[in-house]
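Asks: Before we start, here is the structure in question, set down as structure tokens.
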Amino acid sequence: MNDTRSPLQTIVIYLGALLILVWSGGPFIWQFSTSFQLDKALTSGSPSLIPAPFTLEHYYNAFVEKELHRYVWNSLVVSLATTFLCLSVGSLAAFALSRLNVRGRFGILMVILSVSMFPQIALVGPLYLVASNLGLLDTYTALIITYLALGLPLVTWVLFGYFETLPREIDEAARMDGVSVPGLLWHIILPMSLPSLVTTGLLAFITAWNEFLFALAFTSNIDRQTIPVGIANFTNLYYVPWGDIAAASAVVTVPLIVLVLFFQRHIIEGLTQGGIKE
Amino acid sequence: MTAAATVPGIGWPRRFGKALPVSLWAFLLLTPAFVSLASVSFYPIINGLYLSLTNTSLITQENEFSGFSNYVQLWGDAQFWNAWWHTMWFTTASTILETVIGLGMALILCEAFKGRGLVRAAMLVPWAMPTVVTSKMFGWLFDGQNGIINYILLHAGLIDQNVNWYGSPDTAMTTIIIADVWKTTPFMALLLLTGLQTVPNSLIEAARMDGAKGWITFWYIRLPLLMPTLLIAGLFRALDAFRVFDLVYVLTGGGPADSTETLSTLSYKVLFSTLQFGYGSAVSTAMFVTEGIIALVFCLYLIRQIRRAQ
């Protein structure tokens, strides 16, 4: 369509593209730059994008004073366990719905999906009471169990969509060879679904990594608190330590951004095929 | 192989060899997912409904059935209605802005230009970032004293003096809406883009051949065909915006002067600051009901639109 475009249209498109780029990347680039600037420079009244002088002071503060690495560890444990469980439970359910001739499978899928529409604030109170009765407050277990259920609808839905695209002839051939039902899933379907497993795993990981409400309610000390709670509590007595916050933001966001950029094509495909869900 | 033993359409026999029947396998494989969702999603909703009919409080240690007294109290609670209106305003404003701006972005991305891959990748950044980080980031961008937004607006001559964005009741909600629009619009655009790409190019080419201008092809071809995607994306976005918690809780905590209090932050405070689990559950149940009504209205509208299109 390039040849039918007028110069004005071309300018509008490039200008628009530039705007989108600044919109999406600008705020974080500024945050990233902030993390390398001295407090003095940040409050000088003449902000500059290039840190001068360059400092790692905020990173030192974030790790040494605020012990950021402990939150990072908690988040890693919780998010990795959640991802593993989500993929296990989700692929079992998606496989059953896609391959085992379950009656009313679309109804079941709709129920599973509708769960993700429940307001989480309506779940947190009753779950807090349960966790408290079972002695699960301030444990990884409470967070992992909760995040499993939060991530499951999307994971099941996306995996189901992917399994549906695999040809049924495979099942037939496997059956002829005497492969059992779990064998079909484990030896044939799952190895064929690796790209989709990576995407859905990443989605589950991000859900757990970013979750705030339940982490805030269920944990009360640094031994179990995850990164979002840690960063939300980043304050000093007399002023807001914007530089330290920026440093912590960079530490927890950059790896995520790298992962997402690396898998971007799969993510967009996986999500749009899996319906519309943030 | 006997055809009689085969489940129609699927090709799996009901039973083969000494193995378990397929239906039992299906049941077994679905069980973990059901247990998880039943215990973490359905049980709390039911339990919340029950709690909302009691005077449960972790301070007084009471938990007796009290009928609808919580709801009566709720009906006359100015704080609840304050939060209700804020939530509705936030949901409406952010959903409309995100849909309209997202559509604009999607239309640009639909065109071929150099560096499109880069732009599309960059658009995932706001989506992937933890909301708490977004919230803190906007706290710094919109800081009343040293925020870069004030600096830029001041030097562009758009404001005469620094605006205390989220520190003043007049502008706090606007700041939160801006932060939400920043975070969710690019992703909305990517969703709409895949919708746009399903519009056959031949249709647009044909319209162009007939001399239709870009605006006309958009209004009469692309937009009507995109409508279902647009409405569904809007619905999911609205339901999500309605639950807003992280952004508000971290940026303003509901203040200043309750000007950004939403239903989620109010429920959280009633539950975990005053420890009134009975009344807090009534607030969150009322929220659940409102969300259900929003979904219902949207769905009815959607069905009508689709019927009319046919």
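So the protein lines, in turn, are chains A and B.
Quick note: the first sequence uses this note's numbering, first residue 103, plus one each step.
Quick note: the second sequence uses this note's numbering, first residue 290, plus one each step.
The beta-carbon is built from N, C-alpha and C at its ideal position, and this holds for glycine as well.
1) Taking Cβ positions only, does residue 336 of chain B come closer than 8 Å to chain A?
2) Taking its Cβ as the centre, do 16 or more other Cβ atoms sit within 10 Å of residue 490 of chain B, making it buried, or is it exposed?
3) Report yes if the CB atom of residue 258 of chain A is closer than 8 Å to the CB atom of residue 290 of chain A, and no otherwise.
4) I need the straight-line Cα distance from residue 564 of chain B to residue 347 of chain B, nearest angstrom please.
5) Which of the three DSSP states, helix, strand or coil, is assigned to residue 343 of chain B?
6) Checking contacts by CB at 8 Å: is residue 149 of chain A closer than that to chain B?
7) Less than 8 Å between the CB atoms is what I'm expecting for residue 183 of chain A and residue 246 of chain A, so what's the real figure, rounded?
8) Could you compute how far the alpha carbon of residue 370 of chain A sits from the alpha carbon of residue 354 of chain B?
9) Residue 560 of chain B versus chain A: which residues are under 9 Å apart at the beta carbon?
10) From the DSSP output, in three-state form, read off residue 450 of chain B for me.
11) If I measure Cβ to Cβ from residue 480 of chain B and keep anything under 6 Å in the same chain, skipping five residues before and after, which residues do I get?
12) Measuring CB atoms only, is the region 157 to 174 of chain A touching the region 322 to 340 of chain A, in the sense that at least three cross pairs come out at less than 8 Å?
13) Would you mind working out which of A/119, A/343 and A/350 sits nearest residue 410 of chain B, comparing C-alpha positions?
14) So residue 540 of chain B and residue 424 of chain B are supposed to be a Cβ contact under 8 Å. How far apart are they, rounded?
15) Our contact map puts residue 580 of chain B next to residue 531 of chain B with C-beta atoms below 8 Å; I'd like the distance itself, whole angstroms only.
16) Tell me residue 139 of chain A's beta-bridge partners as DSSP assigns them.
17) Select from the region 193 to 215 of chain A all residues with a C-beta closer than 7 Å to any C-beta belonging to chain B, and list them in chain order.
18) Are any of the Cβ atoms in chain A nearer than 8 Å to that of residue 549 of chain B?
19) Using a Cβ-Cβ cut-off of 8 Å, state whether residue 377 of chain B counts as contacting chain A.
20) For the alpha helix (DSSP H) that residue 168 of chain A lies in, which residues bound it at each end?
21) Along the region 569 to 590 of chain B, where does the CB come closer than 8 Å to a CB of chain A? Name the residues.
22) Between the region 232 to 262 of chain A and chain B, which residues of the former have a C-beta closer than 7 Å to a C-beta of the latter?
23) In whole angstroms, what is the alpha-carbon distance linking residue 587 of chain B and residue 352 of chain A?
24) DSSP three-state call for residue 402 of chain B: helix, strand or coil?
25) Please name the residue, chosen from B/571, B/583, B/591 and B/590, that lies closest to residue 335 of chain B on a Cα-to-Cα basis.
26) Mind pulling the chain B residues with CB within less than 9 Å of residue 348 of chain A?
27) What ranges does the alpha helix (DSSP H) occupy inside the region 474 to 546 of chain B, keeping only unbroken runs of at least 4 residues that lie completely in it?
28) Tell me where the alpha helix (DSSP H) around residue 209 of chain A begins and ends.
29) Measuring only between beta-carbons, confirm whether residue 303 of chain A sits less than 8 Å from chain B.
30) From B/313, B/379 and B/473, pick the residue whose C-alpha is nearest to that of residue 390 of chain B; which is it?
31) Report the neighbours of residue 288 of chain A on chain B: residues whose CB is nearer than 7 Å to its CB, in chain order.
32) Use the C-beta contact count for residue 294 of chain B: other C-beta atoms within 10 angstroms, 16 or more gives buried, fewer gives exposed.
33) Is the beta carbon of residue 311 of chain A sitting closer than 8 Å to the one on residue 177 of chain A?
34) Roughly how many angstroms separate the alpha carbons of residue 110 of chain A and residue 393 of chain B, rounded to a whole number?
35) Provide the residue span of the alpha helix (DSSP H) that contains residue 561 of chain B, from first to last.
36) I'd like to know if the region 463 to 471 of chain B and the region 424 to 434 of chain B are in contact, where contact means that at least 3 CB-CB pairs between them fall below 8 Å.
Replies: On the basis of the supplied data:
1) On the second sequence, position 47 is the one that residue 336 of chain B refers to. Yes, residue 336 of chain B counts as interfacial toward chain A.
2) For the purposes of this step, residue 490 of chain B is identified with residue 201 of the second sequence, where counting begins at 1. By the neighbour-count rule (16 or more Cβ atoms within 10 Å), residue 490 of chain B is not buried but exposed.
3) If you number the first sequence from 1, residue 258 of chain A lands on position 156. If you number the first sequence from 1, residue 290 of chain A lands on position 188. No, the Cβ-Cβ distance between residue 258 of chain A and residue 290 of chain A is not below 8 Å.
4) Counted from its first residue, the second sequence places residue 564 of chain B at position 275. Counted from its first residue, the second sequence places residue 347 of chain B at position 58. For residue 564 of chain B and residue 347 of chain B, the distance between alpha carbons rounds to 5 Å.
5) Taking the first residue of the second sequence as 1, we reach residue 343 of chain B at position 54. Of the three classes helix, strand and coil, the one that applies to residue 343 of chain B here is strand, per DSSP.
6) As a first step, residue 149 of chain A is located in the first sequence; it is residue number 47 there, counting from the start. Yes - at least one Cβ of chain B is within 8 Å of the one on residue 149 of chain A.
7) As a first step, residue 183 of chain A must be located in the first sequence, where it is residue number 81. As a first step, residue 246 of chain A must be located in the first sequence, where it is residue number 144. About 5 Å; that satisfies the 8 Å criterion.
8) Position 268 of the first sequence, counting from 1, holds the residue named residue 370 of chain A. Position 65 of the second sequence, counting from 1, holds the residue named residue 354 of chain B. Taking the straight line joining both Cα atoms gives about 49 Å.
9) Working through the second sequence from its first residue, we reach residue 560 of chain B at position 271. Within chain A, the residues near residue 560 of chain B are 223, 226, 227, 230 and 319.
10) The sequence position of residue 450 of chain B within the second sequence is 161, counting from 1. In the structure shown, residue 450 of chain B sits in coil (DSSP, three-state: anything other than H, G, I, E or B).
11) Taking the second sequence and counting its residues from 1, the one referred to as residue 480 of chain B is at position 191. Closer than 6 Å at Cβ, skipping near neighbours: 522.
12) yes
13) The residue you call residue 410 of chain B lines up with position 121 of the second sequence. Of the listed residues, the one whose Cα sits closest to residue 410 of chain B is A/119.
14) Along the second sequence, read from residue 1 onward, the residue named residue 540 of chain B stands at position 251. Along the second sequence, read from residue 1 onward, the residue named residue 424 of chain B stands at position 135. Right, the Cβ-Cβ distance comes to about 5 Å (below 8 Å), so this counts as a contact.
15) As a position in the second sequence, residue 580 of chain B is number 291, starting the count at 1. As a position in the second sequence, residue 531 of chain B is number 242, starting the count at 1. Sure, about 5 Å apart at Cβ, within 8 Å.
16) Taking the first sequence and counting its residues from 1, the one referred to as residue 139 of chain A is at position 37. For residue 139 of chain A, which the question treats as bridged, DSSP gives the partners A/156.
17) 194, 195, 197, 198, 202, 203, 204 and 214
18) Against the second sequence, residue 549 of chain B aligns to sequence position 260. Taking Cβ atoms only, chain A never reaches closer than 8 Å to residue 549 of chain B, which makes this a no.
19) If you number the second sequence from 1, residue 377 of chain B lands on position 88. Residue 377 of chain B does not count as touching chain A.
20) Within the first sequence, residue 168 of chain A is the residue found at index 66, counting from 1. That residue, residue 168 of chain A, is in no alpha helix (DSSP H); it is neither H nor E in DSSP.
21) 569, 570, 573, 574, 576, 577, 580 and 584
22) 247, 248, 250, 251, 254 and 258
23) What you label residue 587 of chain B is simply residue 298 of the second sequence in a count that begins at 1. What you label residue 352 of chain A is simply residue 250 of the first sequence in a count that begins at 1. Taking the straight line joining both Cα atoms gives about 39 Å.
24) On the second sequence, position 113 is the one that residue 402 of chain B refers to. Note: residue 402 of chain B maps to coil in three-state DSSP.
25) As a position in the second sequence, residue 335 of chain B is number 46, starting the count at 1. The candidate whose alpha carbon is nearest that of residue 335 of chain B is B/571.
26) On the first sequence, position 246 is the one that residue 348 of chain A refers to. Simply 425, 426 and 429.
27) 490 to 498, 503 to 506, 512 to 531 and 535 to 540
28) One-based indexing of the first sequence puts residue 209 of chain A at position 107. Taken as a continuous stretch (DSSP letters only), the alpha helix (DSSP H) holding residue 209 of chain A covers 207 to 217.
29) For the purposes of this step, residue 303 of chain A is taken as the residue at position 201 of the first sequence. It does not; no Cβ of chain B falls within 8 Å.
30) Within the second sequence, residue 390 of chain B is the residue found at index 101, counting from 1. Checking every option, the nearest Cα to that of residue 390 of chain B belongs to B/473.
31) Mapped onto the first sequence, residue 288 of chain A falls at position 186. Going along chain B, no residue has its Cβ under 7 Å from residue 288 of chain A, so there is no contact; the nearest lies around 12 Å.
32) Taking the second sequence and counting its residues from 1, one reaches residue 294 of chain B at position 5. Only weak support exists for where residue 294 of chain B lies, its pLDDT of 44 falling under 50; the value from the coordinates is given anyway. Answer is exposed; the Cβ neighbour count stays below 16.
33) If you number the first sequence from 1, residue 311 of chain A lands on position 209. If you number the first sequence from 1, residue 177 of chain A lands on position 75. In contact: residue 311 of chain A and residue 177 of chain A (Cβ atoms closer than 8 Å).
34) Position 8 of the first sequence, counted from the first residue, corresponds to residue 110 of chain A. Position 104 of the second sequence, counted from the first residue, corresponds to residue 393 of chain B. Cα-Cα distance, rounded: 17 Å.
35) Numbered from 1 along the second sequence, position 272 holds the residue referred to as residue 561 of chain B. Its alpha helix (DSSP H) spans residues 552 to 561.
36) yes
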